[in-house]
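Colleague: Residue numbers (my numbering): 16 to 657.
Positions of the beta carbon are idealized from the N, C-alpha and C atoms, including for glycine.
Please find one structure pasted underneath; my questions will follow.
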Amino acid sequence: FSFLQERLRYVLGLLLLLHSTDSFYVPGVAPINFHRNDPVEIKAVKLTSSRTQLPYEYYSLPFCRPSKITYKAENLGEVLRGDRIVNTPFQVSMNVEKKCEVLCNFPNKPVTLSVEESKLIAERIREDYYVHLIADNLPVATRLEFYSNREEEEKKKEKDVQFEHGYRLGFMDGNKFYLHNHLSFILYYHREDVEESQEHTYRVVRFEVIPQSIKLEDLKADEKSMCTLPEAAGSAPQEIDPTKENKLLFTYSVHWEESDIKWASRWDTYLTMSDVQIHWFSIINSVVVVFFLSGILSMIIIRTLRKDIANYNKEDDIEDTMEESGWKLVHGDVFRPPQYPMILSSLLGSGIQLFCMILIVIFVAMLGMLSPSSRGALMTTACFLFMFMGVFGGFFAGRLYRTLKGHRWKKGAFCTATLYPGVVFGICFVLNCFIWGKHSSGAVPFPTMVALLCMWFGISLPLVYLGYYFGFRKQPYDNPVRTNQIPRQIPEQRWYMNKFVGILMAGILPFGAMFIELFFIFSAIWENQFYYLFGFLFLVFIILVVSCSQISIVMVYFQLCAEDYRWWWRTFLVSGGSAFYVLIYAVFYFVNKLDIVEFIPSLLYFGYTALMVLSFWLLTGTIGFYAAYMFVRKIYAAVKID
C-alpha cells in the first residue's frame, strides 16, 4: 500500500509540474507594442454555430465592408478549420474612447437590406450563429454574469463570470428576429514599464464585446457619423422582417480600460472557461484504477505463467502420465502466418504512423508550442507529422510482412501508403462536396486539396516506400519455436471466447481511463471551445497505452489457453475494442449535448466521428498487437520444447 501511495505522490507531482505549463508561452509569437492613437486593427474570422457545424465567412452576410477587402494568408490548419481572416471597417485606436459611431459612412442614409439578405440574416439568427472577431490576435468574448447556487446572503455579493466565444448575431423573441447592430467594444490594455523620457507603450490583453440591438429610429446620428445611444430602458430592438426590405444602421462604440493582466497570461481568460477540477478528479481516478488493475493483472499473469512454465519444464517422467494442456500445446502453430498478411501489416504500419504523430503532437503541445494563440498550428503540425512518420510506419509494416512470409514488398508498401489515408481522403472528399453545396467556408478549397494530395503522394508515399524497403531487408522477427507442417485442429470454443464478447470486455478499461478527457475534446471540436489541457492529455495517453497493452496480453493469454492459435487478427481487433465505446459515446453526445436537427450537419458529425473511431481503432489495435506479440514471443522462448 505504501508503494501505491508513493506512486500516487509521484504522479501528482508530475501533474502539478504539467499544470504549471498551462501559462507557458509560445516561442515565436512576439507581443505588439502600441503607442497612444496607434490603430488597433479589428479583423473578422468567421461565423460559427454548434447547431449546424457549418462555418461561414464574415462577408457572407451583408455587414459593412471596408473600401478594400484583404484576406490574411493562412496556414493549412486555418484553412481546414474554416477560418477566413479578413479586415473590417471598425476604426479603433489605442486608448482612444468612442461614444458611438456609425459604421457605414452614411448616417443620413441607412443600410437597406433586400428581402433576400433579410431572409439570410433571419435564417442565421434562427440557426444560432456567433460572430468571431479578433483584435491583435485576441478573439472577442462576451461576458456572461450569473449568480451561482450559493447561499442567499452571498448571492448579493458574488456573481460568477464566464466568457462565451464570439458574440451572438442576434436573438429571437417568439417568431420575430432581432439583429445585434450595435457593438460596444471593451478593450483592456496593460501599460508597459518604460524609461521616464520614453512614451508609454500599451499591449492589448483582453477584448470583450457587448452586442445590442437598437432600432433605427432610436439611433440619432449626425453628419459626422456620430450617434447617440438611447437610454437602455426606453429603446426598442432592431427587428429583421424576412418578408420585406429592412432599414438599419450598424454602429459601434469603443471603451478602453487599464488592466493588471500581463501580456503573457492574456489567454488565461479564454482558457479557464472549463472546470479544471473535473480533470484532476478524472486523472487521479484513472491512475488509481489503472495501477490497481496493473497490479492485479501482473500478479495473476506472472504467477500463473511461472506455474505454467515450471510445470512444462519439469522432468519428462511426469509428462508421460499427464497429458499436456493449455498454451504449450499450440507451440507448433502459434506463429503460423495469418490470412491476408499484407493488409494486417499495412494497417499496423498506419497504426504506428498515427501513434508517432499523436505522441509527438501531444508532447509538443504540452510544452506550450501549439497554444491556441497560434491559430491552426495544431492541425498543420499533425498533418505534416503524419506525412513524415511514414518512414516508421513503412519500416514496421515491412519487417512484419517479411516475418509473416510475405514476398511482394512493393505491393505491400503501396498498400501501407494508401489504405488508411485513402479511406480518410475518400470520406473527407464526400463530406467536402456536401459542405461546398452549402457555400460554407468549412469546405476545403480545391487548391488546398491538390496540395494535400501532392503531400500524400510526394512526401508520404516515398517515405513509406523507403521505410518499407529497409524494414523488409532487415532480419525478420525471431520466432522462438518452429511452425509445424500440418495445422492443428482447434477445439470448439466457449461462448465468452467469441470475438465480439472479447471486444466488449477489452474496450471497457481503456475507454474508462480516457472517458472524461473525451468529453472535453468533443466540446472543443463540436462546440467551438478551446482545448489546451495537453498536460492532462499526455497523461491520459500514457494511461491508455498501458491499459491497452495489459488488456491485450490478458486476452491473448486466455485465447492460447483455450488452444486457439489464430491470435494475429483477433488481437488487433479486440485491442481496438475501446473504439466501439467511443462510437457509442459519440452517439450519446450527439443525442444529449448537441441540438443538431438538419441532415447535412448530422452527416458531417457522423462522417468525422467515423474517421475518429477508425483512427482510434488503428491506434489502440496497434498498441495491443505489439504488446501481445512481444508477450507471446517471451512465453514461448521460456519453455523447453522437444
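In the structure shown, what three-state DSSP assignment does T157 receive?
Modeller: Working through the sequence shown from its first residue, we reach residue 157 at position 142. Note: T157 maps to strand in three-state DSSP.
Colleague: Quick check: the stretch 222-231 against the stretch 183-202, are at least 3 beta-carbon pairs closer than 8 Å?
Modeller: Yes, they touch.
Colleague: Could you tell me the alpha carbon to alpha carbon distance between L312 and L519, rounded to whole angstroms?
Modeller: Counted from its first residue, the sequence shown places residue 312 at position 297. Counted from its first residue, the sequence shown places residue 519 at position 504. Using only the alpha carbons, I get a separation of about 18 Å.
Colleague: Indicate whether G413 and G486 have their beta-carbon atoms separated by less than 7 Å.
Modeller: Here residue 413 corresponds to residue number 398 of the sequence shown, with the count starting at 1. Here residue 486 corresponds to residue number 471 of the sequence shown, with the count starting at 1. Result yes, Cβ atoms of G413 and G486 sit closer than 7 Å.
Colleague: When the distance is taken between beta carbons, is I298 closer than 7 Å to F551?
Modeller: Locating residue 551 in the sequence shown gives position 536, where the first residue counts as 1. Locating residue 298 in the sequence shown gives position 283, where the first residue counts as 1. Their beta carbons are under 7 Å apart, which means F551 touches I298 by this criterion.
Colleague: May I ask you to report which of helix, strand or coil DSSP gives I149?
Modeller: Mapped onto the sequence shown, residue 149 falls at position 134. Of the three classes helix, strand and coil, the one that applies to I149 here is strand, per DSSP.
Colleague: Rounded to whole angstroms, what's the CA-CA distance from W271 to F105? Just pull it up for me.
Modeller: The count along the sequence shown starts at 1 and reaches residue 271 at position 256. The count along the sequence shown starts at 1 and reaches residue 105 at position 90. Straight-line Cα distance between these residues: approximately 15 Å.
Colleague: Can you list, in chain order, the residues of its chain with a C-beta nearer than 6 Å to that of L184? Leave out the 5 residues immediately preceding and following it.
Modeller: Within the sequence shown, numbered from 1, the residue matching residue 184 stands at position 169. Same-chain partners within the cutoff: R139, I140, Y144, V146.
Colleague: Helix, strand or coil: how does DSSP classify Y651 here?
Modeller: Within the sequence shown, residue 651 is the residue found at index 636, counting from 1. Helix, per DSSP.
Colleague: With W342 as the anchor, note down where its alpha helix (DSSP H) starts and where it stops.
Modeller: Looking up residue 342 in the sequence shown gives position 327. Looking at the DSSP string, W342 is not in any alpha helix (DSSP H), and its letter there is neither H nor E.
Colleague: Do you know offhand how far L320's Cα is from L533's?
Modeller: Stepping through the sequence shown from its first residue, residue 320 is reached at position 305. Stepping through the sequence shown from its first residue, residue 533 is reached at position 518. The alpha-carbon atoms of L320 and L533 are separated by roughly 36 Å.
Colleague: Given that a residue counts as buried once 16 or more other Cβ atoms are within 10 Å of its Cβ, and exposed if not, what is V465?
Modeller: On the sequence shown, residue 465 is found 450 positions in, with the first residue counted as 1. Exposed, by the Cβ-count rule.
Colleague: Skipping 5 residues on each side, what residues in its chain have a beta carbon closer than 8 Å to that of I84?
Modeller: By one-based count along the sequence shown, residue 84 stands at place 69. Cβ neighbours of I84 beyond the five flanking positions: Y74, V101, N102.
Colleague: What residue range does the alpha helix (DSSP H) around A528 cover?
Modeller: Here residue 528 is taken as the residue at index 513 of the sequence shown, counted from 1. Counting along the chain, the alpha helix (DSSP H) containing A528 begins and ends at 514-541.
Colleague: According to the neighbour-count rule (16 or more other Cβ atoms, all chains shown, within 10 Å of its Cβ), is F444 buried or exposed?
Modeller: By one-based count along the sequence shown, residue 444 stands at place 429. Counting Cβ neighbours within 10 Å, F444 comes out exposed, since fewer than 16 surround it.
Colleague: Our contact map puts V479 next to T431 with C-beta atoms below 8 Å; I'd like the distance itself, whole angstroms only.
Modeller: Taking the sequence shown and counting its residues from 1, one reaches residue 479 at position 464. Taking the sequence shown and counting its residues from 1, one reaches residue 431 at position 416. So it is a contact: roughly 5 Å between Cβ atoms.
Colleague: Could you compute how far the alpha carbon of T127 sits from the alpha carbon of E542?
Modeller: Taking the sequence shown and counting its residues from 1, the one referred to as residue 127 is at position 112. Taking the sequence shown and counting its residues from 1, the one referred to as residue 542 is at position 527. Straight-line Cα distance between these residues: approximately 33 Å.
Colleague: With a threshold of 16 other CB atoms inside 10 Å of the CB of P81, please say whether the residue is buried or exposed.
Modeller: Walking along the sequence shown from the start, residue 81 turns up at place 66. Exposed, by the Cβ-count rule.
Colleague: Just the C-alpha distance for P77 and A59, rounded to the nearest angstrom, thanks.
Modeller: Here residue 77 is taken as the residue at index 62 of the sequence shown, counted from 1. Here residue 59 is taken as the residue at index 44 of the sequence shown, counted from 1. So the alpha carbons of these two residues sit roughly 14 Å apart.
Colleague: Going residue by residue through the stretch 83-140, where are the continuous beta strand (DSSP E) segments of at least 3 residues, counting only ones entirely within it?
Modeller: As far as the stretch 83-140 is concerned, its whole beta strand (DSSP E) runs of at least 3 residues are 113-117, 126-128.
Colleague: Could you give the uninterrupted runs of the alpha helix (DSSP H) lying entirely in the stretch 448-523, keeping only those of 4 residues or more?
Modeller: Runs of the alpha helix (DSSP H) inside the stretch 448-523: 461-470, 476-488.
Colleague: I201 lies in the beta strand (DSSP E); which residues open and close that run?
Modeller: Residue 201 sits at position 186 when you count from the first residue of the sequence shown. Per DSSP, I201 belongs to the beta strand (DSSP E) from 197-206.
Colleague: DSSP has H270 in a bridge; who is on the other side?
Modeller: On the sequence shown, position 255 is the one that residue 270 refers to. Note: H270 sits in a beta bridge opposite I201.
Colleague: Any idea if T258 is buried or exposed, counting beta-carbon neighbours within 10 angstroms, 16 or more meaning buried?
Modeller: Within the sequence shown, residue 258 is the residue found at index 243, counting from 1. Exposed, because fewer than 16 other Cβ atoms sit within 10 Å of the Cβ of T258.
Colleague: Any idea if P356 is buried or exposed, counting beta-carbon neighbours within 10 angstroms, 16 or more meaning buried?
Modeller: Along the sequence shown, one-based indexing puts residue 356 at 341. With 16 or more Cβ atoms within 10 Å of its Cβ, P356 is classed as buried.
Colleague: Buried or exposed for R488, going by 16 or more other Cβ atoms inside 10 Å?
Modeller: Taking the first residue of the sequence shown as position 1, residue 488 is located at position 473. With fewer than 16 other Cβ atoms within 10 Å, it is exposed.
Colleague: With a threshold of 7 Å on Cβ separation, who are the neighbours of A251 within its own chain once the five nearest residues in sequence on each side are excluded?
Modeller: In the sequence shown, the residue the question calls residue 251 occupies position 236. Contacts found: K230, D233.
Colleague: Put F275 into one of helix, strand or coil per three-state DSSP.
Modeller: Your numbering for residue 275 matches position 260 in the sequence shown. Note that residue 275 is Asp in the sequence shown here, rather than Phe. Looking at D275 - three-state DSSP - the assignment turns out to be coil, as it is neither helix nor strand.
Colleague: Are the stretch 152-160 and the stretch 209-218 touching, with three or more C-beta to C-beta distances below 8 Å?
Modeller: In short, these stretches do not touch, since the Cβ pair count stays below three.
Colleague: DSSP beta-bridge partners for E179?
Modeller: In the sequence shown, the residue the question calls residue 179 occupies position 164. DSSP output for E179 lists T157 as bridge partner(s).
Colleague: Less than 7 Å between the C-beta atoms of L264 and V117, yes or no?
Modeller: As a position in the sequence shown, residue 264 is number 249, starting the count at 1. As a position in the sequence shown, residue 117 is number 102, starting the count at 1. Against a cut-off of 7 Å, the Cβ pair of V117 and L264 comes out as a contact.
Colleague: Would you call the stretch 454-473 and the stretch 376-386 touching, i.e. three or more CB-CB distances under 8 Å?
Modeller: Cβ pair count under 8 Å is below three, so no.
Colleague: Can you give me the C-alpha to C-alpha distance between I276 and Y285, rounded to a whole angstrom?
Modeller: Within the sequence shown, the letter at position 261 stands for residue 276. Within the sequence shown, the letter at position 270 stands for residue 285. Rounded to whole angstroms, I276 to Y285 spans 13 Å at the Cα level.
Colleague: Taking a contact to mean a Cβ-Cβ separation below 7 Å, would you say I47 touches D151 in this structure?
Modeller: In the sequence shown, the residue the question calls residue 47 occupies position 32. In the sequence shown, the residue the question calls residue 151 occupies position 136. A contact, by the Cβ cut-off of 7 Å.
Colleague: Can you determine whether any heavy atom of the ligand PLP sits closer than 6 Å to the C-beta of W582, and answer yes or no?
Modeller: The ligand PLP is not part of this structure, which contains no ligands at all.
Colleague: Is it right to say W510 is buried, meaning 16 or more other beta carbons lie within 10 angstroms of its own, or is it exposed?
Modeller: For the purposes of this step, residue 510 is taken as residue 495 along the sequence shown, with counting starting at 1. So W510 counts as exposed.
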